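Remarks on the structure that follows.
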Amino acid sequence: MLNLDGSRANAAADEVLFFEAMAADSAHFAVLYERVLLAARHMGIGPERMPDFVERHPGGGIVLLGQDDLPQQPLVESVERLAAKIRARQLAASDAQTTRIAEQTIRLGQHRFAREVLTNYWHQCAFCEFAPRSLPRKRLLIASHIKPWAACSDPERLDASNGIAACPMHDAAFDAGLITVNGGLRVHRARRLQRSREIDPGVEHSFGPALRSTLRVPGHAAPAAPYLQWHQQHVYADDV
Ligand SMILES: [Zn+2]
873 MLNLDGSRAN
883 AAADEVLFFE
893 AMAADSAHFA
903 VLYERVLLAA
913 RHMGIGPERM
923 PDFVERHPGG
933 GIVLLGQDDL
943 PQQPLVESVE
953 RLAAKIRARQ
963 LAASDAQTTR
973 IAEQTIRLGQ
983 HRFAREVLTN
993 YWHQCAFCEF
1003 APRSLPRKRL
1013 LIASHIKPWA
1023 ACSDPERLDA
1033 SNGIAACPMH
1043 DAAFDAGLIT
1053 VNGGLRVHRA
1063 RRLQRSREID
1073 PGVEHSFGPA
1083 LRSTLRVPGH
1093 AAPAAPYLQW
1103 HQQHVYADDV
C-alpha cells in the first residue's frame, strides 16, 4: 500500500505486479485505497506516515489532478526511461505491463505535486487571488511548474516549492514569460505586457491592478529561489 504511487525504490516484484493490476483497474484501486486508508487511520497511522495523496470523488473513483499539464512527448520519453529502469531490476512483468507501471507512476507523481501545490496556495491564484472553490476540477486553477516539467529532473517535478497555483490567465502569462517572480516574491511584468496594458483595456483588466505586486503564498512551501531564477533566465522575456 505504501508503494501504490510507485515512489519507493525497493518494491518487491509482487508489489510491482500488484501495483500494475491496480493501476489498470481504477475502480478496484479506489475501493482498496479507501479500505486500506481507513484501516490505517483506525490503527492510529496518521497522514504524516501515510499521506492520503489521492483525491476521491464522493461517489467513488479517483481523479488524478494536473494530467493535462504533462507535455506529451517529454511524458513518452520519461515513461520509456522509467520503464527501462524497472526492466533493469528484472522484475517479473511483461514489457507492456512495465510501460503501464511507469506511466502510472509518473501520473500519480504529477497528481501528488498538483495536490500539494493547490493545498499550499489554499486553492487560490497566487497572482490575483481568484479562488473558484465552488467549481472544483474545472481547470480554473492550475498547479503550474515554475521550472517547466519537461526541463526538470525527476525530484524537481515532484517538489511543491517548484509550484505556483494560478488561474488560467496568469498561468498562461507566466508560462509565456510575460510575468515573472523575483527572489523576494515580487511580481514583474515584461515590457511587452506593459505596452499592451496601455493600448488594450482587456489586458489592463487582467494585468493592471488586478495583478498582485507580490505573490500570495498562504502555505508553508514558498517558491524556491533556484526555480524562480530559472524562470527569470529561461522563460521570462523582458526584451521583446
Ligand atoms: Zn489569477
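Residues in the sequence shown are numbered from 873 upward in steps of one, following this note's numbering. Every residue, glycine too, gets a C-beta built ideally from N, C-alpha and C. All figures in this text were calculated on a predicted structure; none of them were measured in a lab.
{"Asked": "Any alpha helix (DSSP H) of 4 or more consecutive residues that is wholly inside the segment 1045-1086", "Found": "1063-1071 and 1073-1079"}
{"Asked": "Sequence-distant residues of its chain with Cβ nearer than 6 Å to alanine 1082 (five each side left out)", "Found": "Cys1000"}
{"Asked": "Beta-bridge pairing of histidine 1017 - partner residues as DSSP gives them", "Found": "Gly1035"}
{"Asked": "Cα-Cα separation, alanine 1062 to serine 1006", "Found": "33 Å"}
{"Asked": "Residues surrounding ligand 1 [beta-carbon distance to nearest heavy atom under 7 Å]", "Found": "Cys997, Phe999, Cys1000, Phe1002, Ala1038, Cys1039, Met1041 and His1042"}
{"Asked": "Buried or exposed by the 16-neighbour rule on C-beta atoms within 10 Å, applied to proline 1095", "Found": "buried"}
{"Asked": "Run of the alpha helix (DSSP H) containing tryptophan 1102, from where it starts to where it stops", "Found": "1097-1106"}
{"Asked": "Under 9 Å between C-beta atoms of tryptophan 1102 and lysine 1019", "Found": "yes"}
{"Asked": "Beta-carbon contacts of alanine 1097 that lie in its chain and below 7 Å, excluding the five residues immediately before and after", "Found": "Gly1055"}
{"Asked": "Rounded straight-line distance, which links the Cα of isoleucine 973 to that of glutamine 996", "Found": "33 Å"}
{"Asked": "Counted within 10 angstroms of its Cβ, other Cβ atoms place histidine 1017 as buried (16 or more) or exposed", "Found": "buried"}
{"Asked": "Beta-carbon gap between leucine 942 and arginine 979 smaller than 9 Å", "Found": "yes"}
{"Asked": "Cβ-based neighbour list, glutamine 1104, same chain, cut-off 6 Å, excluding 5 preceding and 5 following", "Found": "Thr1052"}
{"Asked": "Beta-carbon gap between leucine 1087 and arginine 1058 smaller than 9 Å", "Found": "yes"}
{"Asked": "For isoleucine 917, the three-state DSSP class (helix, strand or coil)", "Found": "coil"}
{"Asked": "Assigned exposure category for alanine 1045 - 16 Cβ within 10 Å defines buried", "Found": "buried"}
{"Asked": "Reduced DSSP secondary structure (H/G/I, E/B, other) of methionine 873", "Found": "The pLDDT assigned to methionine 873 is 47, lower than 50, so where the model puts this residue is not dependable; a value taken from the coordinates is nonetheless given after this. Three-state DSSP puts methionine 873 in coil, outside helix and strand."}
{"Asked": "Helix, strand or coil at valine 935 [DSSP, three-state]", "Found": "strand"}
{"Asked": "Residue range of the unbroken alpha helix (DSSP H) whose run includes serine 950", "Found": "944-960"}
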